[in-house]
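In what follows, a single structure is set out as structure tokens and then discussed.
Residue numbers (the working numbering), protein chains in the order written: chain R, 1 to 510; chain U, 511 to 1182.
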């Protein structure tokens, strides 16, 4: 009997070595951790329960029958992050380069099915060479099975992909359909076709890093939501992110005891908006001073910086924050910013995370580049996303809320619950100069008259009070009381319930 | 006594004068430029009058505007503060002509001391020690040697018409005098067309020591001890203290009496300062007299208990001095740090902008130490490009010099400023400097001790252990909270955190084992020198998000700067700085496998070193530039800063144009 038990131990030990010590050393030499080390970092100590440790591929072509490694290039299972259940799979680059076979895919889909059934988040750690070519269509079939489950789980459980090595070809589409993608700088890249194929097809010479490195995907393509310096920093930050996310679309935003006081007054906010309406200020200062303990997890920090998105907490409970950033392009809405914010708003709504919106927007960005690029449709995405929300929406207009962008940025009209404005708010169709030039075109020759008209327009419309008179703004608030006001509003909105007509699904302007 | 006074100044000194006036029951009028509309002194004063555009030349320096403001508000007297109009004879006269009292000396005294040569003559006449030398024409090398022998070595041979170091020689012996005389003479002739030279004593390792005097309109003058201001950077005082660690009672008395003699000689009738240069042998020589309240006056106030502003107001109103020389007692030691909006790691370039965080340490008495912070700013305020970038003067007082320095060090640790760069890290490091602590000062201190510029030091020794313990305490607090997150699996298995942890301060590891956490504090074992564990107890009511961790470590009260970074905190304490990360044993093992990343290569870019305006760009795309050549000019704080190539480069891309406003680290151009 004892022998039998010992055999198990031996088999486990063998499986845990993956591709063997030489490959593990090579992995470390590249500055990367192994699949099991990554899982160890991600999960609470000793909480990992591994599945399918002994699974092997069934391929007999190209001599593959001679090469078997238990686990087949992916480590799967479940564990906890700060006591909360999560499911995880990690590609093992030391085994067949982490390539995907039919059985490898089955290990992943098993975990996907369990995560969905258990309504718990799933995290995929990618570091792999794509499909196992020797298996041919069986590998492609495996991908399809994974993709389908990604889509079924979308909006039901949070799905997070972390790219920690190569991720190419078929491997990229599963991450692409999850909620968040994070990358490790210098050691990870993602692309559909690699530099060699690119050279053959288009004659373009490009490195893997230039084609699909963390910098490209966080700042240019917006594929990745964030990047970190190394495996350890990255995985510890994923743990931090999970503390903001609900387990599923029914659980509600997570909360923990806050050390911050909800009614904290911050007088420095009274001087945040500069006297000069053309002078920028950093909206992140407002966010950091409003949320609990100044703790803010920014999503897509390096992309479309004219809008800021990320997670924070109020009274210990997670919220999503969307804010125009006057420091970049005056906070204007362009195609990139609209898409970035729309995706974030939809994530929050899908998972019942209340959204706080800070508005200082001069409008949509004009020009052929924008119009040809489909600004109408991209802008509509954000409008659609906000209009679709049934989570609590609290909006604070700090300064400009001009034109259509006023409507889009979580206005009362499209369903926001509590709309506040600072006394510095200017809620109008456009700025004074433009408005006067249109309304009083006949008087344009007379600078004195125009100056008077401009002053008249500014006095009447460039304030929050016209909107407040109509009830579009619930209350004009002191900047220093912003945190207290938002905390109260969110507390009241906790029981918000909205009925929508049944439908198969909406038709977001893609 | 006056019922209303106007303060013709801004910033901390205006606020400081207002405080005293208010305590005396005098109403106050502030004046302000357009840039200062929301300034603290405007809010503190009973009334405020706008006096024009931001540049001082169009507002704070315009005599007529100040006089008009007095007339409009009915202010009976004006306190000028320091700088601006404080030493303008014309201002004092203009006020007099309008029947307004100038809270400062009479115009005659200002005039007498305003001219460097006249003031030296007056000093010599009043038998004040002046630098020994020979002002007549020196005929020959032999004559020069005779004079030098009389004065004593070393001596300085200077061109009479000179300036900028030309025609200047230092000689340590008779032969050097003979040789230096000839050279200085020929250099003077070629540079200035005037070959006259003179010889005076050269003071090696000079110290800056000044005597505070106070006079009234009845002929009484007293001295209030000295201040030492030897810690200077390019002639700008950085740290001041009172008394001076150099002086003994006899020298103090001699200097004080000479200062009083000079003040009496010019009928001085307010607060003033007689500045001396002192040798390490306590020899001292008159430099000049400042006919105003000095920036560093608080250190004198702290050791004498006399409010100099109050006394200035009283004597201006015609009162007699309320004390005699024998009433003046110097008690304890006071140290002042000037907190500036300048970046010590970038050669002290000025930094302007919004004070996102401004949390000075608490003022008042703490045990035997007293903390005072004179400031003119507030959180959310602006450090403008138009004026002096001083944020605050942090003063501590304690029975001994060592205790005053310790208190200053702790107060600096508890001073949180964000949004702009500031010199607190530098001041903190200075406070720890052994030579400063030993009081072995000279005006060359900073240049000698910080030769390669300022690099924030890594923590070592006890400070490092303390910071590691605080990092472990912060980590523990955050971990304990994580255990309270909602939605945890219902299981016998509760989430716990390993209590044996590794703290990394930068690359330095420390073991920290959490033992217990209860009302008596957090007990942990931490590895010290040689790796041996030793127990330490920490108490603190610090809450996450606060920029300063205040508490007790091993019973000692400490403050530590805390800023969040990814997976850790950046800590600063006692002039040492480090990023701290707290890992489990396993995390530490895995982190050790991570390659070290070198920060983004800035070698191929020119970054803007300070917020400023692009004045001109001197190169074009494709141009090859040699190391040291000018690339562009950025204007900040009215200063034109020429940015030069650090190595031979070819310009590949220019990302800004003339007139652009740039933030710190904005990319100006890229190199191939």
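Don't be surprised by glycine CBs; every beta carbon is placed ideally from N, CA and C.
**Prompt:** How would you label residue 1 of chain R, buried or exposed, when you count the other beta carbons within 10 angstroms and need 16 or more for buried?
**Reply:** exposed
**Asked** Could you give the C-beta distance for residue 550 of chain U and residue 962 of chain U, rounded to a whole number, given that I count them as a contact under 8 Å?
**Response** Not confirmed; about 37 Å, so no contact.
**Asked** In chain order, what residues of the segment 219 to 237 of chain R put their CB closer than 8 Å to some CB of chain U?
**Response** 228, 229, 230, 231, 232, 233, 236, 237
**Message:** Quick check: residue 829 of chain U and residue 899 of chain U, are their CB atoms within less than 8 Å of each other?
**Reply:** no
**Asked** By Cβ distance, which residues of its chain are closer than 7 Å to residue 179 of chain R, with the 5 residues on each side in sequence left out?
**Response** 158, 159, 160, 347
**Item:** Residue burial classification, residue 1050 of chain U (beta-carbon count within 10 angstroms, cutoff 16)
**Value:** buried
**Message:** What residue range does the beta strand (DSSP E) around residue 1166 of chain U cover?
**Reply:** Run containing residue 1166 of chain U: none; DSSP gives neither H nor E here.
**DSSP bridge partner residues for residue 53 of chain R (one or two, in chain order)** = Note: residue 53 of chain R sits in no beta bridge, so no partner.
**Request:** Step through the CB atoms of chain U and report whether any lies within less than 8 Å of the CB of residue 256 of chain R.
**Result:** yes
**Asked** Is the CB of residue 82 of chain R under 8 Å away from at least one CB in chain U?
**Response** yes
**Asked** Taking the Cβ atom as the reference point for each residue, do residue 823 of chain U and residue 512 of chain U lie within a distance shorter than 8 Å?
**Response** yes
**Message:** Strictly below 7 Å CB to CB, what residues from chain R border residue 1103 of chain U?
**Reply:** 28, 33
**Message:** For residue 1077 of chain U, would you say it is in contact with chain R, using Cβ-to-Cβ distances shorter than 8 Å as the test?
**Reply:** yes
**Prompt:** With a cut-off of 8 Å, does the C-beta of residue 534 of chain R fall near any C-beta of chain U?
**Reply:** Nothing can be reported for residue 534 of chain R: it is not among the residues displayed for chain R, which extend from 1 to 510.
**Prompt:** If we count the other Cβ atoms within 10 Å of its Cβ and call it buried at 16 or more, is residue 429 of chain R buried or exposed?
**Reply:** exposed
**Prompt:** What separation, rounded to the nearest whole angstrom, lies between the Cα atoms of residue 306 of chain R and residue 1167 of chain U?
**Reply:** 22 Å
**Sub-8 Å separation of residue 1031 of chain U and residue 1043 of chain U beta-carbons** = no
**Item:** For residue 580 of chain U, the three-state DSSP class (helix, strand or coil)
**Value:** helix
**Asked** Is residue 251 of chain R close to chain U, meaning its C-beta is less than 8 Å from at least one C-beta of that chain?
**Response** yes
**Message:** List, in chain order, every chain R residue whose beta-carbon is nearer than 7 Å to that of residue 548 of chain U.
**Reply:** 271
**Prompt:** Helix, strand or coil for residue 519 of chain U per DSSP?
**Reply:** coil
**Asked** Taking the continuous alpha helix (DSSP H) assigned at residue 946 of chain U, which residues delimit it?
**Response** 944 to 947
**Message:** Does residue 944 of chain U pass the burial test, meaning 16 or more other C-beta atoms within 10 Å, or should it be called exposed?
**Reply:** exposed
**Request:** Inspect the beta-carbon positions of residue 297 of chain R and residue 384 of chain R and report whether they are closer than 8 Å.
**Result:** no
**Request:** Give every residue of the same chain whose Cβ lies closer than 6 Å to the Cβ of residue 883 of chain U, excluding the five residues on either side of it in the sequence, and list them in chain order.
**Result:** 870, 873, 902, 904
**Message:** For residue 970 of chain U, tell me which candidate among U:724, U:546, U:1020, U:1060 has the shortest Cα-Cα distance.
**Reply:** U:1020
**Prompt:** At what residues does the alpha helix (DSSP H) containing residue 959 of chain U begin and finish?
**Reply:** 955 to 959
**Message:** Cutting at 6 Å between CB atoms, please list the residues of its own chain near residue 16 of chain R, excluding the five before and the five after it.
**Reply:** none
**Beta-carbon contacts of residue 362 of chain R that lie in its chain and below 8 Å, excluding the five residues immediately before and after** = 330, 331, 332, 400, 402, 405, 431
**Item:** Close-in-space but distant-in-sequence residues of the same chain around residue 1006 of chain U (CB under 8 Å, 5 per side omitted)
**Value:** 993
**Asked** For residue 220 of chain R, does the three-state DSSP call read helix, strand or coil?
**Response** coil
**Asked** Contact check, residue 751 of chain U vs residue 787 of chain U under 8 Å by CB: the rounded distance?
**Response** The pair is not a contact, with the Cβ atoms about 17 Å apart (cut-off 8 Å).
**Prompt:** Which residue comes first and which comes last in the alpha helix (DSSP H) that contains residue 700 of chain U?
**Reply:** 684 to 702
**First through last residue of the alpha helix (DSSP H) which encompasses residue 275 of chain R** = Residue 275 of chain R -> no alpha helix (DSSP H), and no H or E assigned at all.
**Request:** Identify which residue in R:376, R:85, R:212, R:19 has its Cα closest to the Cα of residue 182 of chain R.
**Result:** R:212
**Asked** What residues match up with residue 163 of chain R in a beta bridge as DSSP calls it?
**Response** R:126, R:183
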